[in-house]
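Chains S and R, in that order, are what the protein sequence lines are.
Per our numbering, residue 96 is the first one in the first sequence, and the count goes up by one each step.
Per our numbering, residue 9 is the first one in the second sequence, and the count goes up by one each step.
Quick reminder that beta carbons are idealized off the backbone N, C-alpha and C, glycines included.
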Amino acid sequence: MTDWVDLGVRLALVLAAFLVVPLLVGQVEHKAMAHMQGRVGPMYAGAFHGWAQLVADGVKFVQKEDVVPAAADRTVFKIAPAVALLPYLVALLVIPVGPGLVGQDLGVGLFFVLAVMGVGVIGSLMGGWSSANKFSLLGGIRVAAQLMAYELPFVLAAASVAMAAGTLSLTGIVQAWEPWWLLWQGIAAVVFFVAGLAEVQRPPFDMPVADAEIVFGPYTEYGGLRFALFILAEYAGIVVLSALTTVLFLGGWHGPWEDQLGWLWTLLKVLAVSFVVIWVRVAYPRLREDQLQRFAWQGLVPLALLQLAITAVGVVAW
Amino acid sequence: MVSVPGSGLLKGLAVTLRQMTRRSVTAHYPDALPELPPRSRGVIALIEENCTSCMLCARECPAWCIYIDSHKDVIPATTEGGKDKTRNVLDRFAIDFSICMYCSICVEACPFDALHWSPEFEYAELDIRELTHEKDRLREWMWTVPPPVALDPHAEPAKEIGVAEKAAVRRPTAPGDPS
Ligand code: SF4
Ligand code: SF4
């Protein structure tokens with residue numbers, strides 16, 4: 096009985112975090128991005144500096160008409176946003192927040208998270224294909240190409256840290272983590288973060304949605320709540336990517352008084368990494384399709400392989 | 009100069025981060041009114057008293073958006089056997105701001121300085137027909153016309169002043185002058 100209560104509480108907490116943290120990231124994006132561009136950002140919704148802007152956006156999205164194009168593949172079109180969003184919720188379940196503070200500790204946690212994150216992109220592909228629109232299709236194909244290119248360095252970099260820790264369990268990786276890994280696994284950390292950015296299609300890797308060229312890629316035909324779900328999926332993706340980067344490479348809950356304040360350290364690190372995601376968006380222009388592919392295959396993959404070799408040498412030597 | 013690969017990327021990040029710590033430059037328009045330069049072309053104001061209904065502005069206006077109606081008043085002669093005088097009275101002066109293209113030709117053309125630019129710009133209407141503003145409304149904007157900009161320190165004096173001064177200098181040598 097207590098097991099069930101325990102599980103229920105954990106699920107509720109993860110769900111709450113899933114609903115709150117992406118909004119927080121979104122709000123930070125509104126504000127930080129605005130100030131980086133010399134403007135003020137949304138100011139009116141809510142009392143203090145427009146804190147309720149995203150809530151207001153949500154209300155607005157809910158009110159909008161639910162449109163499905165006549166030629167669309169209705170079922171696929173309708174479930175695509177859920178397919179894009181849910182994997183991130185599932186991924187959050189296994190990410191440890193503090194010592195013993197985890198939705199569900201899995202022995203193969205890393206493997207599970209990477210597999211589940213791959214599913215999220217299927218949602219974009221489904222939307223792109225089922226919309227029966229050339230822009231959506233083009234966007235969908237770009238998503239596919241990008242996914243193929245960046246999944247490899249993403250997984251290789253994660254494999255490196257798993258090899259170093261000698262375990263696939265996320266909790267185990269955090270426990271095995273030591274500060275000097277920042278240097279030892281530094282390349283993998285950068286590769287993982289950058290490839291992850293491409294996985295969640297954030298600028299400068301937002302070629303698939305390129306709003307200026309192909310309208311909004313796979314999401315062109317979406318409106319109202321379904322569109323909001325895609326946007327939420329993007330922010331949830333940022334949170335999951337930041338959380339994974341934190342857990343794998345930045346030592347998760349490690350920090351002063353980690354037994355009591357571990358969750359706070361994790362949260363702070365996740366928010367810091369999320370901030371970098373936003374920061375990078377403002378600082379860099381969008382990559383062209385060929386640059387994007389070249390960067391993945393000629394830049395990130397060799398780096399990830401190099402890191403793998405270094406890690407292997409390190410593990411054998413010590 | 010040796011350039012480290014990736015240094016440009018870092019520089020980009022530094023620029024955005026520095027910008028984030030600065031005050032933003034957004035004008036909070038409806039809350040705070042913008043400070044417009046004195047020569048802003050907001051809306052055209054009219055001093056009715058200066059206007060002689062000469063129609064020059066209406067004729068020069070490329071958009072044909074100035075409407076003038078006037079009639080002549082007869083002023084009876086003050087002396088016995090004198091001639092009656094006539095005077096133009098302005099009945100209607102309206103500008104249709106939905107057609108006006110703010111070219112300023114009317115303001116330049118008016119020989120009596122009856123038209124001026126006011127920086128006021130909030131005169132939108134819900135119906136396009138109401139953008140034709142009549143002379144009382146144009147007169148009200150006269151209060152918002154800023155004083156003319158001061159001349160540059162070493163600029164030539166304004167034309168009117170220059171002519172008057174030259175005339176004053178010329179006078180002593182003018183024929184018939186007592187001096
Ligand atoms: S500004 Fe130009 S268009 Fe407008 S009323 Fe004057 S002359 Fe006509
Ligand atoms: S040019 Fe000047 S004086 Fe003549 S009608 Fe127009 S506003 Fe009046």
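Proximal residues to residue i (C-beta, below 8 Å), its chain only, five neighbours per side dropped
{"i": "residue 173(R)", "result": "165"}
{"i": "residue 117(S)", "result": "327, 330, 331, 333 and 334"}
{"i": "residue 374(S)", "result": "127 and 131"}
{"i": "residue 384(S)", "result": "237, 240 and 302"}
Three-state secondary structure (DSSP) of residue i
{"i": "residue 193(S)", "result": "strand"}
{"i": "residue 96(R)", "result": "strand"}
{"i": "residue 65(S)", "result": "This structure does not reach residue 65(S), given that chain S is present from 96 up to 413, and the question cannot be answered."}
{"i": "residue 134(R)", "result": "coil"}
{"i": "residue 82(R)", "result": "strand"}
{"i": "residue 102(R)", "result": "strand"}
{"i": "residue 98(S)", "result": "helix"}
{"i": "residue 140(S)", "result": "coil"}
{"i": "residue 51(R)", "result": "strand"}
{"i": "residue 144(R)", "result": "helix"}
{"i": "residue 32(R)", "result": "coil"}
{"i": "residue 123(R)", "result": "strand"}
{"i": "residue 183(S)", "result": "helix"}
{"i": "residue 326(S)", "result": "helix"}
{"i": "residue 168(S)", "result": "coil"}
{"i": "residue 77(R)", "result": "strand"}
{"i": "residue 127(S)", "result": "helix"}
{"i": "residue 158(R)", "result": "coil"}
Near ligand 2: residue i beta-carbon under 7 Å from a heavy atom
{"i": "residue 63(R)", "result": "yes"}
{"i": "residue 59(R)", "result": "yes"}
{"i": "residue 76(R)", "result": "yes"}
Contact set for residue i: own chain, Cβ-Cβ below 6 Å, skip 5 residues either direction
{"i": "residue 218(S)", "result": "175, 178 and 179"}
{"i": "residue 84(R)", "result": "92"}
{"i": "residue 49(R)", "result": "110 and 125"}
{"i": "residue 137(S)", "result": "125, 145 and 148"}
{"i": "residue 407(S)", "result": "none"}
{"i": "residue 346(S)", "result": "272"}
{"i": "residue 105(R)", "result": "139"}
{"i": "residue 233(S)", "result": "309"}
{"i": "residue 46(R)", "result": "154 and 157"}
Proximity test, residue i beta-carbon vs ligand 1 heavy atom, cut-off 7 Å
{"i": "residue 118(R)", "result": "no"}
{"i": "residue 71(R)", "result": "yes"}
{"i": "residue 136(R)", "result": "no"}
{"i": "residue 112(R)", "result": "yes"}
{"i": "residue 109(R)", "result": "yes"}
{"i": "residue 55(R)", "result": "no"}
{"i": "residue 52(R)", "result": "yes"}
{"i": "residue 1(R)", "result": "Because chain R spans 9 through 187 in this model, residue 1(R) falls outside it and cannot be assessed."}
Proximity test, residue i beta-carbon vs ligand 4 heavy atom, cut-off 7 Å
{"i": "residue 123(R)", "result": "Ligands in the displayed structure: ligand 1 and ligand 2; ligand 4 is not one of them."}
Beta-carbon separation (whole angstroms), residue i vs residue j, contact threshold 8 Å
{"i": "residue 186(S)", "j": "residue 212(S)", "result": "6 Å"}
{"i": "residue 238(S)", "j": "residue 256(S)", "result": "Wrong, their Cβ atoms sit about 26 Å apart, outside the cutoff."}
{"i": "residue 140(S)", "j": "residue 147(S)", "result": "4 Å"}
{"i": "residue 280(S)", "j": "residue 344(S)", "result": "6 Å"}
{"i": "residue 134(S)", "j": "residue 34(R)", "result": "5 Å"}
{"i": "residue 292(S)", "j": "residue 157(S)", "result": "Wrong, their Cβ atoms sit about 29 Å apart, outside the cutoff."}
{"i": "residue 263(S)", "j": "residue 205(S)", "result": "5 Å"}
{"i": "residue 342(S)", "j": "residue 182(S)", "result": "In fact, because the Cβ distance is near 17 Å, the residues do not count as touching under 8 Å."}
{"i": "residue 349(S)", "j": "residue 360(S)", "result": "7 Å"}
Cβ neighbours of residue i in the same chain (closer than 7 Å, five flanking residues each side left out)
{"i": "residue 78(R)", "result": "61, 96, 97, 98 and 99"}
{"i": "residue 202(S)", "result": "263 and 264"}
Chain B contact for residue i (CB, 8 Å cutoff)
{"i": "residue 133(S)", "result": "The structure shown contains no chain B; the protein chains it does contain are S and R."}
* Touch check for the stretch 274-287 of chain S and the stretch 312-320 of chain S: three-plus C-beta pairs under 8 Å? -> The stretch 274-287 of chain S makes no contact with the stretch 312-320 of chain S; the number of CB pairs closer than 8 Å stays below 3.
* If you pair each beta-carbon of the stretch 366-384 of chain S with each one of the stretch 324-337 of chain S, do three or more pairs fall below 8 Å? -> They touch, by the three-pair rule.
* Asked: Quick one: any contact between the stretch 110-121 of chain R and the stretch 86-95 of chain R, if contact means 3 or more CB pairs under 8 Å?
  -> Per the Cβ contact rule, the stretch 110-121 of chain R is not in contact with the stretch 86-95 of chain R (fewer than 3 Cβ pairs under 8 Å).
* Any 3 or more C-beta pairs closer than 8 Å across the stretch 150-170 of chain R and the stretch 51-62 of chain R -> The stretch 150-170 of chain R, when compared against the stretch 51-62 of chain R, does touch it at the 8 Å Cβ threshold.
* Asked: Is it true that the stretch 197-210 of chain S meets the stretch 297-304 of chain S, where meeting means three or more beta-carbon pairs spaced less than 8 Å apart?
  -> When Cβ pairs closer than 8 Å are counted between the two stretches, the stretch 197-210 of chain S is seen not to touch the stretch 297-304 of chain S, the count staying below three.
* Is the number of C-beta pairs between the stretch 381-399 of chain S and the stretch 242-258 of chain S that are closer than 8 Å three or more? -> Flag = yes, the stretch 381-399 of chain S and the stretch 242-258 of chain S touch.
* Can at least three beta-carbon pairs, one atom from the stretch 115-129 of chain R and one from the stretch 55-68 of chain R, be found at a separation below 8 Å? -> Below 8 Å, enough C-beta pairs join the stretch 115-129 of chain R and the stretch 55-68 of chain R to call them touching: three or more.
* **the stretch 396-413 of chain S touching the stretch 98-118 of chain S, judged by at least three CB pairs closer than 8 Å** => The stretch 396-413 of chain S is not in contact with the stretch 98-118 of chain S.
* At a cut of 8 Å, does the stretch 12-28 of chain R reach the stretch 375-385 of chain S through at least three beta carbon pairs? -> Segment contact: the stretch 12-28 of chain R against the stretch 375-385 of chain S, three or more CB-CB distances shorter than 8 Å; contact assigned.
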